[in-house]
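So the sequence shown is numbered by my numbering: it starts at 66 and just counts up by one.
Encoded as structure tokens, the structure appears first; notes follow it.
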Amino acid sequence: MPFASEGLEPGIGLALSGGGFRATLFHCGALWRLNECRYLSKLARISSVSGGSITAGMLALKWKTLTFANGQATNLGQELIDPLRAFCGQAIDVPSIIEGALLPWKTIGKAVQAHYDKALFKGRTLQDLPDDVTFVFNSTNLATGVDFRFSKPYAGDYRIGLIRNPTFPLALAVAASSAFPPVLSPVELDVDTQAFERTGGSDLYDLVDYRRQILLTDGGAYDNLGLETLWRRFETLLVSDAGAPFSYGPSQHHDWLHQSLRALDIATNQSRAMRKRVLIDLLERKVRKGTYWGIMTWIEKYQAPNALPVPRETTDQLAKIRTRLNPFSEAEQCSLINWGYAVSDAALRKWVDPALPAPPGWPYPAYALDRPLDKNVKIEPKTDLSDPGEAP
Numbered sequence: 066m067p068f069a070s071e072g073l074e075p076g077i078g079l080a081l082s083g084g085g086f087r088a089t090l091f092h093c094g095a096l097w098r099l100n101e102c103r104y105l106s107k108l109a110r111i112s113s114v115s116g117g118s119i120t121a122g123m124l125a126l127k128w129k130t131l132t133f134a135n136g137q138a139t140n141l142g143q144e145l146i147d148p149l150r151a152f153c154g155q156a157i158d159v160p161s162i163i164e165g166a167l168l169p170w171k172t173i174g175k176a177v178q179a180h181y182d183k184a185l186f187k188g189r190t191l192q193d194l195p196d197d198v199t200f201v202f203n204s205t206n207l208a209t210g211v212d213f214r215f216s217k218p219y220a221g222d223y224r225i226g227l228i229r230n231p232t233f234p235l236a237l238a239v240a241a242s243s244a245f246p247p248v249l250s251p252v253e254l255d256v257d258t259q260a261f262e263r264t265g266g267s268d269l270y271d272l273v274d275y276r277r278q279i280l281l282t283d284g285g286a287y288d289n290l291g292l293e294t295l296w297r298r299f300e301t302l303l304v305s306d307a308g309a310p311f312s313y314g315p316s317q318h319h320d321w322l323h324q325s326l327r328a329l330d331i332a333t334n335q336s337r338a339m340r341k342r343v344l345i346d347l348l349e350r351k352v353r354k355g356t357y358w359g360i361m362t363w364i365e366k367y368q369a370p371n372a373l374p375v376p377r378e379t380t381d382q383l384a385k386i387r388t389r390l391n392p393f394s395e396a397e398q399c400s401l402i403n404w405g406y407a408v409s410d411a412a413l414r415k416w417v418d419p420a421l422p423a424p425p426g427w428p429y430p431a432y433a434l435d436r437p438l439d440k441n442v443k444i445e446p447k448t449d450l451s452d453p454g455e456a457p
């Protein structure tokens, strides 16, 4: 029976969605609150996509240096939040595109990887990651059309087989996960064809060409929530979604480029919506425990006592912040971290552990969300957004 509870592991899985630097910062706020609630230390697996993989990659790198006391990391801000904030103040996408276009020996994907490695990962590989929590970075294999995963125990996809104990650079895994098509994609994986091991279901293993040249694109092309590595394994699912909401509009373009991009948006939105509906159904029927929070979820829907106040208008504005990998202002960074913190708190206290204490206040009080957003928060001019959906 699909999604049966029998055989599930008792651990907690956390999914971090895509959404550029906006997602990176939003998830920082969620991790901040998870840590305060002593849930960060309880995680068994963190599965990430695209901008969420930037956050997860830094958390994976710093996990061994976190100082946990009574289940709470006392140095999370210093080790995780501050470095990611500094990184989200940089321009990554445009410089990478220029380098890839002008330098014949460097692709755009390699340029992105180099920026990640220089600023964040410093040459570390997947084998430098911790053993007590599993980090899975999801990309999409353009040849097989399925999720290609990077982790410490293995890398690969179920159709071509797995590489055990891979030594790929952490920056490569994050770059492949966040290779947004078509501008930052693809990332080419150089690997010995013999490194792959045949596994159950690897129907393309005997076709060596599928292992000779592996081109990867953003993990969001296959699963923008990063859920697939979690929901058949763990009994408790926590999902942080900062993905770009679908924008409706009566006027659309006729040219082939805009139509193609619009069709991609529609397909991506429908895929995410389907996974979200399945997730909510699992939670409501108590087949799984856990909760979901999204960047455009109205916080009052959770009905959590003493939740931090965020007006619907502010929520809609935060959901319209760009999903680029370009410099985010202090106001944008602090507002997004505040929002991830507030909405994850409401979801946790309503659907996971009602006994948790209310939050002590905003992480960045100067950018509290119970007032109009700072003028330095740039909102993209979009049409009406899709329904923010229901809790849990």
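Positions of the beta carbon are idealized from the N, C-alpha and C atoms, including for glycine.
With burial defined as no fewer than 16 other Cβ atoms inside 10 Å of the residue's Cβ, what is the status of glutamate 397: buried or exposed?
buried
Please report the distance separating the alpha-carbon of alanine 460 from that of glycine 174.
Nothing can be reported for residue 460, as the shown portion of the chain is limited to 66 through 457.
List in chain order: all unbroken alpha helix (DSSP H) runs of 4+ residues lying wholly within the segment 214-242.
235-242
Boundaries of the alpha helix (DSSP H) in which glutamate 101 is found, first to last residue
85-101
For aspartate 435, which residues from the same chain have a beta carbon less than 6 Å from its beta carbon, with the 5 sequence-adjacent residues on both sides left out?
Pro374
Cα-Cα separation between leucine 105 and glycine 136, rounded to whole angstroms:
8 Å
Mapping DSSP to helix, strand and coil, what is arginine 342?
helix
Between the CA atoms of glycine 291 and leucine 81 - distance to the nearest angstrom:
6 Å
Meets three-Cβ-pair contact criterion under 8 Å: the segment 219-229 and the segment 96-112:
no
Own chain residues within Cβ distance below 6 Å of isoleucine 146, not counting five before or after:
Cβ neighbours of isoleucine 146 within its own chain (closer than 6 Å, five residues either side excluded): Cys93.
Terminal residues of the alpha helix (DSSP H) in which valine 460 lies:
Outside the shown range of the chain, which is 66 to 457, sits residue 460, and nothing can be said about it.
Which whole runs of the alpha helix (DSSP H) in the segment 103-144 are 4 residues long or more, in chain order?
DSSP assignment within the segment 103-144 yields the following whole alpha helix (DSSP H) runs of 4 residues or more, N-terminal first: 116-127.
Exposed or buried, what is histidine 180 when buried is set at 16 or more other beta-carbons lying within 10 Å of its beta-carbon?
buried
Can you give me the start and stop residues for the beta strand (DSSP E) that threonine 362 sits inside?
According to the DSSP assignment, threonine 362 belongs to no beta strand (DSSP E), since it is labelled neither H nor E.
Is it the case that the Cβ atoms of serine 115 and glycine 359 are separated by a distance below 8 Å?
no
Closer than 8 Å, CB to CB, is glutamine 178 near chain C or not?
In summary, chain C is missing from the structure at hand, where a single protein chain is found.
Out of Ser267, Tyr367, Arg298, Glu395, which one is the CA nearest neighbour of proline 75?
Arg298
How far does the alpha helix (DSSP H) with asparagine 403 in it extend, from its first residue to its last?
395-416
Taking C-beta to C-beta, are isoleucine 402 and tyrosine 429 nearer than 8 Å?
yes
Alpha-carbon spacing of leucine 281 relative to phenylalanine 213, whole angstroms
8 Å
Sequence-distant residues of its chain with Cβ nearer than 6 Å to threonine 172 (five each side left out):
Gly165
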